[in-house]
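Counted the way the UniProt record's numbering counts, the sequence shown spans residues 1 to 401.
Yeah, the Cβ is synthetic: ideal placement off N, Cα and C, and Gly gets one too.
All values derive from a computational prediction rather than experimental measurement.
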Amino acid sequence: MKEPEIGIPILFRCPISLDLFKDPVTLCTGQTYDRSSIEKWLSCGNLTCPVTMQKLHDSTIVPNTTLRHLIDRWLQINSSHGYDLDYFQTVDDSFVVLKHNLQSKESTLESKVEALDKVLALSKDLPFENCPLIQLDFFQMILELALKDADERSSFEENVMFVEKALVCGLKLLPFSDLGTLNMLKQDETKFTVLFKKGSFMIKRSLCHYIVAISSSLQLKELLVMLGKSKILVQELVHLIENKLDGYEESIKALSALSSVEQNREVIAKENAVKALITYIVNAPKCEYRSLFGLVMAMKTIETLLVAESAKEDVLDHPNGVSEIVKMVFRVSSDNEASESAMNCLIILCQDFINAREEAICCGILTKLLLLLQSQCSERTKNKARMLLKLLRSMCNGDTK
């Protein structure tokens, strides 16, 4: 009589070969395959994920060590090709104990930090199907712990290291968790603001990433509005950008995220955000690739904020306001977005202020627009340049508002 097939759990089978994983690796799509199978697939010229058929924007394969350890343990238990469900219960129980250690009032601060280290180590292999870190909602629990003592000075100062690590853990789990969980911040959004104000630079950077994540979800729009209307939070972000303190690049992203909601723009503009962004552009390295993204983000944020009258006045009042925007028209010549944003800003300003037109012309905007029209930029960018040229020409012909 033929022996029954080995009862290999589906989780432990390669989707390509359907055999037990020998060397599990994960693609950028989150799907795990056996290394030999996926390497053979890629070597044949395939540029998609075999399971999801998504186009691979990155062909890097990352070892899934957590799954590897689970399989090794499963093989040890099932040396006779049996299948012990109790093992998997044991795995789940170990995560329950880990969660309990983090939540327990009896646990020492040191043991809680060690528990977070374990969570960080385990999160490196995400995405991982049916991972207990996600099933047991570690994300919400860790975020609650990070915010718990934000408004208690003595407790907070003692727990800074724990809060720093907790927020990093939360960011690792966030892409695989329900974003709606962040709505818990609406119950007392002041804790988020207080934590940002009192926190270390590492805490501030992490919170900026949370703001960006919040802006990516429509179900969190109300929360984004609440955070954007917090003068303290906006002032802290502006302070980091203006003084180029540790975390200023993340602050630009966060400020841009908050500005994406129309209700926030007036508040943000009134807190000198535009002046801070112009100062950042003035001082940004001219040739550093690292600064390119920050320049583009800063320029787009200024454009967004120019719906507010106070933002327009801040540009005109800044000694380098108009001149820096003119430079941005062709400063990042390889980036159409930066050029378009700069031209949109100038169109807004020149339509409303004659002195803005005069200053732009004095700063060489006409030459830059002509260079842009001769460059390899997109047709859309060239159309913007033609629009601005037409506006400026009307001034030269005496057709002023």
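Taking 7 angstroms as the cut-off, the Cβ atoms of Val163 and Ala146 count as close.
A Cβ-Cβ distance of about 11 angstroms is found for the pair Ile361 and Leu346, leaving them out of contact under the 8 angstroms criterion. By a beta-carbon distance limit of 8 angstroms, Val315 does not contact Val267. Their separation comes to about 18 angstroms. Judged by beta-carbon spacing, Ala308 lies within the 7 angstroms limit of Arg265, meaning their Cβ atoms are closer than that value. The C-beta distance from Gly294 to Glu249 rounds to 5 angstroms, short enough to meet the 8 angstroms contact threshold. Taking Lys368 as the centre and dropping the five residues before and after it, the same chain places the C-beta of Val329 and Phe330 closer than 6 angstroms to its C-beta, in chain order. Bridge partners of Lys55 according to DSSP: Thr48. Exclusion of the five residues before and after Cys131 leaves no residue of its chain whose Cβ lies closer than 7 angstroms to its Cβ. Judged by their CB atoms, His209 and Leu173 are not nearer to each other than the 7 angstroms cut-off.
Short of 6 angstroms from the beta carbon of Asn344, and not among the five residues preceding or following it, lie these beta carbons of its own chain, in chain order: Glu303. When the beta-carbon positions are compared, Phe196 and Glu157 stay at least 7 angstroms from each other.
Here Gly321 has Ile278 and Val315 as same chain residues with Cβ atoms under 6 angstroms from its own Cβ, once five neighbours each way along the sequence are excluded. Closest option to Thr32, judged by alpha-carbon separation, among Pro50, Pro319 and Lys229: Pro50. Apart from the 5 residues on each side of it in sequence, Cys169 sits with its Cβ closer than 6 angstroms to the Cβ of Leu116, Val119, Leu120 and Ile142 in its chain, given in chain order.
When the beta-carbon positions are compared, Ala269 and Ala311 come within less than 7 angstroms of each other. Only residues of its own chain outside the window of five on either side were considered, and among them Lys312, Cys345 and Ile348 have a CB closer than 7 angstroms to the CB of Leu306, listed in chain order.
Between Ala298 and Ile281 the beta-carbon gap is near 6 angstroms, inside 8 angstroms, which marks them as a contact.
For Arg13, DSSP records a beta bridge to Leu20.
For Asp314, the enclosing alpha helix (DSSP H) has its first and last residue at Glu309 to Asp317. Pro285 counts as exposed, since fewer than 16 other beta carbons sit within 10 angstroms of its beta carbon. A direct Cα-to-Cα measurement between Phe12 and Val225 gives close to 44 angstroms. DSSP places Pro285 in the coil class of the three-state scheme, outside both helix and strand.
The beta carbon of Val25 sits closer than 8 angstroms to the beta carbons of Thr32, Tyr33, Asp34, Arg35, Ile38, Ile61, Val62, Pro63 and Asn64 from its chain, once the five residues preceding and following it are set aside; these are given in chain order.
Ser259 and Lys148 have their C-alpha atoms some 28 angstroms from each other. Cβ atoms of Val296 and Ala338 come within 8 angstroms of each other, at about 5 angstroms. When the five nearest sequence neighbours on each side are left out, the beta carbons in the same chain lying within less than 7 angstroms of the beta carbon of Trp41 are those of Ile16 and Pro50, in order along the chain. Approximately 18 angstroms separates the beta-carbon atoms of Glu324 and Lys384; this is outside 8 angstroms, ruling out the contact. Contiguous alpha helix (DSSP H) elements confined to the region 125–206 occur at 132–135, 138–148, 153–158, 160–173 and 189–198, taking only those with 4 or more residues. For Gly199 and Leu388, the gap between their C-alpha atoms comes out near 44 angstroms. With contacts defined by Cβ atoms closer than 7 angstroms, Phe176 and Leu185 do not form a contacting pair. Taking the CA atoms as reference points, Leu240 sits about 19 angstroms from Leu167. Cβ contact annotation for Phe95 (same chain, cutoff 6 angstroms, sequence separation greater than five): Pro132 and Leu136, in chain order. Here Ile71 has Phe12, Leu20, Phe21 and Pro24 as same chain residues with Cβ atoms under 8 angstroms from its own Cβ, once five neighbours each way along the sequence are excluded.
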